[in-house]
Amino acid sequence: MRIGMLSWESLYSIKVGGVAPHVSELSEALARRGHEVHIFTRRGDFESYDKINGVHYQRADVDDHGDIVDQMNRMCDALYHRFGAVQQLFGNFDVVHGHDWHPVLALTRIKSDYHLPFLLTMHSTEWGRNGNTFGYGISEEISHREWQGCYEAAKVIVTTRRMQDELMQIYSLPKDKIPIIPNGIIVGKMRRGVDAGRIKEKYGIHPLAPVVLFCGRMSVQKGPDLLVEAIPQVLRNRPDVCFVFIGEGGMRSECEQKARYLGIADSCRFLGYTSSAEKQMLINACDMMCVPSRNEPFGVVVLEAWDACKPVVATDAVSIINNFQDGLLAYIQPESIAWCINRIISNPKEMKHLARAGWTRIESEFSWDHIAESTEKVYEQAIEQNR
């Protein structure tokens, strides 16, 4: 198949968040299965065309002035025209696959003008990013764009049953239109042999002190404030625990202020944005990962922790964890999060068991080759449906 993949980000163009590795690594896995994959995305500082790891990168120049909706409107126009030029050069595409709301206008124009089916992977919704409520203004426009994409797509792929339920609830999609295909990770991508004590000392942490790592946007959706509020109860149980926060966002200053107010600032490190190498180093040096999300469409950070053989405490918004089997699930409350962290810290054997159980699931369930095979079947269904 000749596959067009449309996304506002990828690993080898402008990279924003978790959609980038999904798009690039899925495309590489599809290419390994013999398909010709073209990623249409923004150019940034890259060349307009590259072939990397068997995948064609078709990058378009996009003006970044104006709000996010204005920017994506211009991006969609650029990707649509690039798609037409590439199809003339390489031949007709069989299917088009978009990611999130950003390329929807390009997808619908391609569907109309070239009579091609498109699939849409919804990695999250504006409703979820907004704290499980609909917003106004630009947020409302984004929600409408999501609805439009879901309505016009042949299939809407999601990564968890919870995300499937969310789309059925907020956009009234029929269940049989929403196949579930999990997110993935390159096996061994995160795991490195590191001197954990030396890395901890670099951040002013005692080399033997347990480190709980938060890794994600500092936003209401990701719940860093819930973890901050849980910290005093953890420190009463084990005063030397340190909490490291990786990520930027609107809640960072609020969380820092809250830590000072609660008298726990000395036990916290707010690092902001870090490089991929530093993030990888900290994941391997930490003692556990905490994912305190209020809404979590999948939770790639869980896979990253498991790949590094680290135990995970998460809220029950994270549906890929089997409670007490490969992680601990808390209620979306600081007291419950603290209880789970205290339990793991107090039980080193359970800590190792949970970490190993998560690690064993990576290859069997979350490798990109498995995911590419499942995605290929959905493409075939969409093509057959379009005949």
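Take the sequence shown: its letters are residues 1 to 387, numbered as in the UniProt record's numbering. No residue lacks a Cβ here, since even glycine has one placed at the ideal position from N, Cα and C.
Buried or exposed (CB count within 10 angstroms, at least 16 for buried), residue i
i       : result
Val-16  : exposed
Glu-365 : exposed
Phe-134 : exposed
Thr-360 : exposed
Asn-183 : buried
Ala-85  : exposed
Ile-371 : buried
Gly-327 : buried
Pro-207 : exposed
Gly-223 : buried
Arg-236 : exposed
Proximity of residue i and residue j at Cβ, strictly below 7 Å
i           : j       : result
Val-187     : Ile-321 : no
Ala-153     : Leu-120 : yes
Ile-110     : Val-96  : yes
Ala-29      : Asp-369 : yes
Pro-283     : Glu-304 : The question names Pro, but residue 283 in the sequence shown is Ile. Closer than 7 Å, so yes.
Met-5       : Ser-27  : yes
Met-281     : Leu-213 : no
Val-23      : His-123 : no
Phe-118     : Leu-107 : yes
Arg-74      : Val-62  : yes
Asn-132     : Ser-139 : no
Thr-160     : Ser-319 : yes
Gln-58      : Phe-40  : yes
residue 392 : Gln-148 : There is simply no residue 392 to check, as the chain begins at 1 and stops at 387 in what is shown.
Pairwise C-alpha distance: residue j and residue i
i       : j       : result
Val-301 : Val-291 : 8 Å
Trp-127 : Leu-173 : 15 Å
His-102 : Pro-297 : 17 Å
Arg-217 : Ala-20  : 15 Å
Asp-176 : Val-378 : 12 Å
Glu-25  : His-35  : 14 Å
Gly-91  : Pro-179 : 29 Å
Cys-264 : Val-312 : Checking the sequence, you will find Ile at residue 264 rather than Cys. Going from the Cα of Ile-264 to the Cα of Val-312 covers about 22 Å.
Glu-373 : Ala-382 : 15 Å
Val-194 : Ala-209 : 16 Å
Chain-order list of residues whose beta-carbon lies under 7 Å from that of residue i (same chain, five-residue window excluded)
i       : result
Lys-189 : Asp-307
Gly-44  : Ser-13, Ile-14
Same chain, Cβ closer than 8 Å to residue i, neighbours up to 5 away in sequence not counted
i       : result
Lys-279 : Cys-215, Ile-246
Arg-356 : Cys-309
Val-64  : It should be noted that the sequence gives Asp, not Val, for residue 64. Within the same chain, Asp-64 has close Cβ partners Gln-71.
6 Å CB neighbourhood of residue i in its chain, flanking five on each side removed
i       : result
Val-228 : Cys-255, Lys-258, Ala-259
Ala-230 : Pro-334, Ile-337, Ala-338
Ile-142 : Trp-101, Glu-126
Arg-238 : Ile-345
Tyr-203 : Arg-269
is_contact[residue i, chain C] using C-beta, thresh 7 Å
i       : result
Asn-237 : The structure shown has no chain C; it contains just one protein chain.
So does the stretch 159 to 168 actually touch the stretch 232 to 251, counting three or more Cβ pairs closer than 8 Å? No, the stretch 159 to 168 does not touch the stretch 232 to 251.
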